[in-house]
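Basically our numbering = 1-based index in the sequence shown + 43. Notes to accompany the following structure.
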Amino acid sequence: MSFKVVEEATPRVNRSELAVPGSNPKLFEKAAAGDADVVFLDLEDSVAPDDKPQARKNVIQAINDIDWRRKALSVRINGLDTHFMYRDVVDVLEQTKGRLDLIMIPKVGTAADVYAVDMLVTQIEAVMGHTKRIGFELIIETALGLNNVETIAAASRRIESLHFGVADFAASTRARTTNIGGANPDYALLTDKGEDGARQVHWGDQWHYAIARMVVVARANGLRPIDGPFGDFSDADGYRAAGRRGGAIGCEGKWAIHPSQVALANEVYSPSAKEVDKARRILAAMKQAQAEGKGAVALDGRLIDIASIRQAEGLVRRADQIAAAG
Ligand code: COA
Ligand code: MG
């Protein structure tokens, strides 16, 4: 291990994160009653400019009046390039009393963006006497944001998670896409001809680089990497596949833009009973190996070593955290 210790951000179960437009209060109770680990009330891109002031009022009322149970509750503010953003922060924090957990900052481009919001939030918390420190969720969804992600991730102690915003990222990089967060048949290669002369199309994941980079930077800073939306909410299998590929490289959860996606995210991002059982067996086998003075042993015909312990410990810790959040 390096001499530098990576401090973990405030731990939270963050398998599913439901987006709820602040302009549509009809959806709030349903979001509160559902099984999302995190709900974010949106003041940004799902709200039309003329509706912003009313959406802000709706969101403030919802934070104060609705029973959000044990959910983590977040508000997505407008971008720093708009004139809505300062009032989002000021009104929401001055007019709510300690229930809000997180502020989501969209389209973060530089570390100074985070610094500016931190400064504002810190002043308001001091004046209002808020004892609970608001955490930050940052969306990496522009070329500038991904370019600067390393300094962004280290910009404030409030930051808890980085989120990949696929639709805006596509717009910013001028990527060609077909559906939000889904695969694109153009991002593919043809194999050489086989013996029968046939060639196969091998689809790739056009978001791999961006998500993988975000995951590495998030983990190097003790933050949760979270995958963003999947637009086709009638395609459960497509959602599961997108969720699993994010989980395979270290994401801890995924957005849901429709209640039907919440259960899918919770399913994909919960370690299965089989995985947990195996992890516990690895830990037991290694404990015995250590007692016998061995560094590496075999389990089920495969090598396990000290790195296997770390993976197994991480998995068991996550399963315990999910069980405790119940
Ligand atoms: N949160 C809570 N409840 C939601 C919801 C959400 N995000 N989206 C839909 N619902 C509710 C509907 O109100 C409906 O409730 P009902 O059965 O009590 O009437 C039920 O879930 C089924 O909804 P459905 O009719 O299938 O969808 P819709 O046509 O009402 O809404 C969307 C579709 C996409 C407009 C809506 O899901 C939505 O606004 N999603 C969030 C978009 C967003 O926030 N985008 C920004 C981040 S990418
Ligand atoms: Mg966006």
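Built from N, CA and C at the ideal position, the CB exists for glycine as well.
Next on the checklist: Give me the residue from 302, 168 and 287 with the minimum Cα distance to residue 72.
Outcome noted: 302
Next on the checklist: Considering just the uninterrupted stretch of the beta strand (DSSP E) at residue 12, what are its terminal residues?
Outcome noted: Residue 12 lies beyond the range of the chain shown here (44 to 369); nothing can be said about it.
Checklist entry - Where residue 365 and residue 147 are concerned, what is the direct C-alpha to C-alpha distance, given to the nearest angstrom? => result Between residue 365 and residue 147, the alpha-carbon positions lie close to 22 Å from each other.
Next on the checklist: According to DSSP, is residue 299 part of a helix, a strand, or is it coil?
Outcome noted: strand
Checklist entry - Could you give the distance in angstroms between the alpha-carbon of residue 251 and the alpha-carbon of residue 131? => result 33 Å
Item to check | Close Cβ partners of residue 82 (< 8 Å) along its chain, the five nearest in sequence each way excluded | outcome: 60, 61, 63, 74, 75, 111, 114, 115, 116 and 117
Checklist entry - Does the Cβ-Cβ distance between residue 352 and residue 339 come in under 8 Å? => result no
Next on the checklist: Taking the alpha carbon of residue 221 as the reference point, which residue from 149, 275 and 97 has its own alpha carbon closest?
Outcome noted: Considering only alpha carbons, the answer is 275.
Checklist entry - Is there at least one non-hydrogen atom of ligand 2 closer than 7 Å to the beta-carbon of residue 213? => result no
Item to check | Exposure label - residue 46; buried when at least 16 CB within 10 Å | outcome: exposed
Next on the checklist: Nearest by alpha-carbon distance to residue 344: which of 85, 328 and 356 is it?
Outcome noted: Of the candidates 85, 328 and 356, the one whose C-alpha sits nearest the C-alpha of residue 344 is 328.
Checklist entry - To the nearest angstrom, how far is it from the Cα of residue 149 to the Cα of residue 283? => result 25 Å
Next on the checklist: Distance check for residue 122 and residue 159, CA to CA, integer angstroms please.
Outcome noted: 12 Å
Checklist entry - Could you check where the alpha helix (DSSP H) with residue 50 kicks off and where it finishes? => result Element bounds for residue 50: n/a, residue is neither H nor E.
Item to check | Collapsed DSSP secondary structure at residue 151 in the structure displayed | outcome: coil
Item to check | Close beta carbons around residue 153, own chain, < 6 Å, minus the five adjacent residues each side | outcome: The beta carbon of residue 153 lies closer than 6 Å to those of 191 in the same chain, with the five residues before and after it left out.
Next on the checklist: Whole angstroms are fine: how far does the CA of residue 161 sit from the CA of residue 199?
Outcome noted: 7 Å
Checklist entry - Which word fits residue 349, buried or exposed, when buried means at least 16 other C-beta atoms lie within 10 angstroms of its C-beta? => result exposed
Checklist entry - DSSP three-state call for residue 136: helix, strand or coil? => result In the three-state reduction of the DSSP assignment, residue 136 falls in the helix class.
Checklist entry - In whole angstroms, what separates the C-alpha of residue 246 from that of residue 240? => result 19 Å
Checklist entry - residue 180 bridges to which residues according to DSSP? => result Its beta-bridge partners are 147 and 204.
Checklist entry - Counting along the chain, where does the alpha helix (DSSP H) carrying residue 352 start and finish? => result 349-368
Item to check | residue 149: CB within 7 Å of a non-hydrogen atom of ligand 2 | outcome: yes
Checklist entry - Hey, residue 313 and residue 58 are a contact pair by Cβ (cut 8 Å); roughly how many whole angstroms apart? => result 6 Å
Next on the checklist: Run through the DSSP bridge pairs and tell me what residue 346 is partnered with.
Outcome noted: 341
Item to check | Reduced DSSP category for residue 251 - H, G, I as helix; E, B as strand; rest coil | outcome: helix
Item to check | Selection from 202, 104, 311 and 186 that minimises the alpha carbon distance to residue 138 | outcome: 104
Next on the checklist: Taking only three categories from DSSP, how would you classify residue 6?
Outcome noted: One cannot answer for residue 6 here, as it falls past the ends of the chain, which runs 44 to 369.
Next on the checklist: My parser needs the beta strand (DSSP E) runs of 3 or more residues fully inside the segment 69-95; what are they?
Outcome noted: For the segment 69-95, whole beta strand (DSSP E) runs of length 3 or above, ordered along the chain, are 81-85.
Next on the checklist: Please report the straight-line C-alpha distance between residue 56 and residue 79, rounded to a whole angstrom.
Outcome noted: 10 Å
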